[in-house]
Structure formats: structure tokens, C-alpha cells
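In the numbering used here, the protein residues as written are 5 to 530.
Here a beta-carbon is modelled for each residue, glycine too, at the ideal position from N, C-alpha and C.
Everything below concerns the one structure shown next.
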């Protein structure tokens, strides 16, 4: 069993090494380039930037890069397989504490081999590390609850891990604070069996140990003015005005722009998240099963009950934010805070369900388990790397793009702004770090002012619409063509006619072209 588990993990690691095996210059086009730039800042200035409120993963990568004298990009590509191994290692002690029996533990480890994290393996570095570390946090929290607080080692272990958790991603930390508060209250009530006794007993468990990381977290984010002001203003705006556009509205607008019907949405969801959907169904069935035998499981598997409470609480936070959008944050990232413990709950449910099956069905149940794992594994593999099959463009960043953008940033006229289509600012941070951005007002973070108008302001004319009266550089990569034309068929902000207009318009000058990157100058001032 152990050998088979190690072989599966090795297969996952090899899969996650594909960008290195294929010799990509860099992999990841969303947040990861900015994280790489922030790490470069740390290596250059030898301290954590003021705006970086989740420095753990960045510090780890910077340390490895310095000690081994390896390029930051290469270390980042190595970190993703490393996190996959950490996930498998961290889930074992928690599964052993919660499940007790070898069969349940083996099943949990087996389901943990599925690549649940999908594209986040390369796109949201800080989130991935925080989600993996969540398993260790829950283990320490349960250890803290399970033993007499007079044994200081348990409290010290939880205190250390909870303090370090504060320095991971704040969204994960806030979700854990909410869910662990609910678990703590539930644990007190379960043992006391009435609210009055629970209130009395809570004093003896020294809740100050729980309050310490909360106080530290508030102090930590308060010290970072940019993050605090931005997010506190979002919360105040939501309280006063409500959410102008919720995440649910954004999803509806996205699918509406592609003319998707319900069947199309379901098909794409299965291709992208079929493994997660299967896991959610299994966990939901496990919850029903646990409720049915609640009193029995409360005595034998109290931590399974607490994990169920954790799962329900985190999903509640997820859906409340999805439909109300108090703070604009990705649905998928929040979902993974719940899904990290799914293998344990599924392992418990599968074994208990098997024990309660009628004799005629017992022989078929291992086949059901194998089918779920195989199907989930296949979907996880195909959704890890973007492809036309899942309506995603490859996130490879080529050497030509990096060289071209570096040439462009160093030689462009700083009096003329640039208006990117996708991720121009992220390229700049990735190549130079953020320490130079303060002196470059011609390069700004993505906003309505810094973005090129939809359809290049063309408005159906033969040339770029002069009424827009702007003078700007437009860096276009091969990825932009693939994204807007190949992937979405011209149903988004730009279509094939827009790119054809650029080729013939007298107002557009070709400044640079190396096959992967094309820099244009749109001059409408004359």
C-alpha cells in the first residue's frame, strides 16, 4: 500500500514538473509573475516589501534561491511538485488522528492523490501554500482541543502554528478564524451537552490561546495600509451600498458573453471541476450518513463531526461571498480551503458505507471506489494544464516574450503610456520587481484607465477611431491572439476584425516584432 501510494505521488510530481521538462522559460500568466517580481524585490532589498502581507511562501522561495544559487523562476516551478508532496505528508497525521483505523486512513490517502488544486498549482502561489498548511493547522487545533490544556506542549504547538498561519494568505486565515470559532463553540457544546455548561467550561480551556492569533492577525494587516484601506473600503461600501456586481453576476456576464446555455455551463464545469464535483457529492453523502448515525459517531469519531462542521462553515462563507461579494475574491480559491479536508471525509464515508452494505453489493463497492478515483484523477490531470478542451489558453511565458518585453520597457518613450490587453504590468513586475514601478508612471496596474478600449476603439470603422484621441503603445503577444480569437472565437473584448484593422490602419506603427511579441504604437494625436 505504501509503495503504491508513493508511486502515485511520484506520478503527480512528474506531471507537475512538465513546465521544467519541456523547458518553458516561465509558467503562469496571472498572479505568479507578480509573486516572482516580489521575490526579486526581497532578494534585492533584503527585507519583506511593505505591501506584502503574506510573505511566507515568498520568503521560502527567496531563501531556496539564495542558498542553492538557483533562478527564482526555476525555484517556483520546483515548488509546485514540492507542495503536492507536502499535501500528502500533512494529510496523514490529520487522517490518523481523526479516523484511527488503517482502512479509513489508507482510503483518505488514496483520495488525496487526486490533483484537486488544478490550475492553482501555478497561478496562485500564496493560496496554494496556505491551503496545504491548513491541514497542519487543523491537526494542531484538534490536538489543542483533544488534550487537557494543562499539558503545555499541545497549547504551544497550536500557538506556534497559528501564529505562523497569520503570515499566510489573509483570505485563508479569515476563513480559518471563522470556521475554528464555530468548531470551538461546537466542541464545547458537544462535551457539555448544554449551553450553560459549555459557557462555564470555556473558561478553563483558556480561550486566550485562540484569541492571540486573531489579535496578531488584525495587528498584522493593520500595519499594511494599502491592504487595510483597500479591503476595509470594500467592506464599508458593501455595508452602505451593497455589492455593485457580485461574483455570481460576473459569472453570469461571462457565460452570457459566450452565449452559453445551462447545458454548456454544465459541460464546461464537468471538464474543469468534475473531480471537485465528484468529491463534493461524496462529502455530501458522507454528511447525510453521519447525521443518520450521529450519536454513534459522536462517541467514536468526534473529530469527524468537527471536520464536517469545518466543511459546512467554510462552504457557507464561500457561498455568502459568492452571492453577496463582501470582498471580491475568487470562488475557486475559497473552495479549496474547504476541499483540503475532503479526502479524509470521503475515506471515512466510504469505509463506513461499505461496512453497512448488504452482502450482495459488497463485492461491487471496491469497483465504485476505483471508478471515482480514476475518473477524478483523469479530470484533475486534464484540468491542471490549460487547453482548448477546457476553454483555456496555455499559460506558458516564452523566452521571446520576456526578452521582447524587457527591450520594450527599457527603450520605450516614457512620455507615452502603454495600454495592455492582458498582463502588461505583471510582465514589468516579473522582470524588474516593483522597486522601479514608482518611477514609471507610464506603466500602471490594470484599471479602466490603463486598459486599451474594447475593439481598440475601432467602432466598426476601417481605421482606429480618432475620436478616442489617445497616443499609446500596445504590446501584443501570441497569447493574446490565441486567447481572444482561438479560445473565445472573438466573442469577448476583441475579435479577428479588430486585429486585422491594426494591420492596415495608418495610425498604427509596428515598433517591435520577434514572432512571439509585437509592440505597436497607436498615434491618434496628429
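Practice problem: Mind checking which residues open and close the beta strand (DSSP E) that includes residue 476? | Solution: 475 to 481
Quiz item: For residue 191, which residues from the same chain have a beta carbon less than 7 Å from its beta carbon, with the 5 sequence-adjacent residues on both sides left out?
Solution: 149, 310
Quiz item: Taking C-alpha atoms, which residue in 402, 512, 491, 322 lies nearest to residue 178?
Solution: 322
Exercise. Indicate the three-state DSSP secondary structure (helix, strand or coil) for residue 28 in the structure shown.
Key: coil
Exercise. Along the alpha helix (DSSP H) that carries residue 502, what are the first and last residues, could you check?
Key: 500 to 508
Quiz item: What does residue 514 pair with, by DSSP beta-bridge criteria?
Solution: 524
Quiz item: Is DSSP giving residue 400 helix, strand or coil here?
Solution: strand
Quiz item: Who does residue 422 pair with in a DSSP beta bridge?
Solution: 477
Quiz prompt | Simplified DSSP assignment, three categories, for residue 367 | solution = coil
Practice problem: Classify residue 255 as buried or exposed, calling it buried when 16 or more other Cβ atoms lie within 10 Å of its own Cβ. | Solution: exposed
Quiz item: Between which two residues does the alpha helix (DSSP H) containing residue 263 stretch?
Solution: Note, residue 263: premise wrong, no alpha helix (DSSP H); not H, not E.
Practice problem: Kindly list the residues whose CB is nearer than 6 Å to the CB of residue 173, restricted to its own chain and excluding five residues on each side of it in sequence; keep chain order. | Solution: 58, 130, 131, 134
Quiz item: Quick check: the segment 371 to 390 against the segment 261 to 278, are there 3 or more CB pairs under 8 Å?
Solution: yes
Quiz prompt | Any 3 or more C-beta pairs closer than 8 Å across the segment 59 to 70 and the segment 115 to 122 | solution = no
Practice problem: Please confirm whether residue 79 and residue 65 have their CB atoms less than 9 Å apart. | Solution: yes
Exercise. Just the C-alpha distance for residue 517 and residue 408, rounded to the nearest angstrom, thanks.
Key: 8 Å
Quiz prompt | Beta-carbon spacing of residue 370, residue 113 below 9 Å | solution = no
Quiz prompt | Test item: CB-CB of residue 507 and residue 481 under 9 Å | solution = no
Practice problem: Using three-state DSSP, classify residue 405 as helix, strand or coil. | Solution: helix
Quiz item: Can you tell me where the alpha helix (DSSP H) with residue 299 in it begins and where it stops?
Solution: 298 to 304
Quiz item: Can the beta-carbon of residue 283 be found less than 9 Å from the beta-carbon of residue 343?
Solution: yes
Self-check item: beta-carbon residue 51 near the ligand COA non-hydrogen atom, thresh 8 Å
Solution: This structure lacks the ligand COA; in fact it carries no ligand of any kind.
Exercise. Report the three-state DSSP secondary structure of residue 459 (helix, strand or coil).
Key: helix
Exercise. Return helix, strand or coil for residue 257, following the three-state DSSP convention.
Key: helix
Quiz item: With 16 other CB atoms within 10 Å as the buried threshold, where does residue 1 fall?
Solution: Lying before the first or after the last residue shown, residue 1 is absent from the chain, which here runs from 5 to 530.
Quiz prompt | Any 3 or more C-beta pairs closer than 8 Å across the segment 17 to 34 and the segment 388 to 405 | solution = yes
Self-check item: First through last residue of the alpha helix (DSSP H) which encompasses residue 81
Solution: 76 to 103
Quiz item: So residue 46 is in the alpha helix (DSSP H); what residue range does that whole segment cover?
Solution: 36 to 49
Practice problem: Look up residue 141 in the DSSP assignment and say whether it is helix, strand or coil. | Solution: helix
Quiz item: With DSSP run on the structure shown, which of helix, strand or coil describes residue 414?
Solution: helix
Quiz item: Using the beta-carbon count (16 or more within 10 Å), is residue 522 buried or exposed?
Solution: buried
Self-check item: C-beta contact flag for residue 314 and residue 194 at 9 Å
Solution: no
Self-check item: Per-residue DSSP class, three states only, for residue 466
Solution: Per-residue confidence for residue 466 stands at a pLDDT of 47, beneath the threshold of 50, marking its modelled position as unreliable; the derived number appears in the next sentence. In this structure, residue 466 counts as coil in the three-state DSSP scheme.
Quiz item: How would you label residue 356, buried or exposed, when you count the other beta carbons within 10 angstroms and need 16 or more for buried?
Solution: buried
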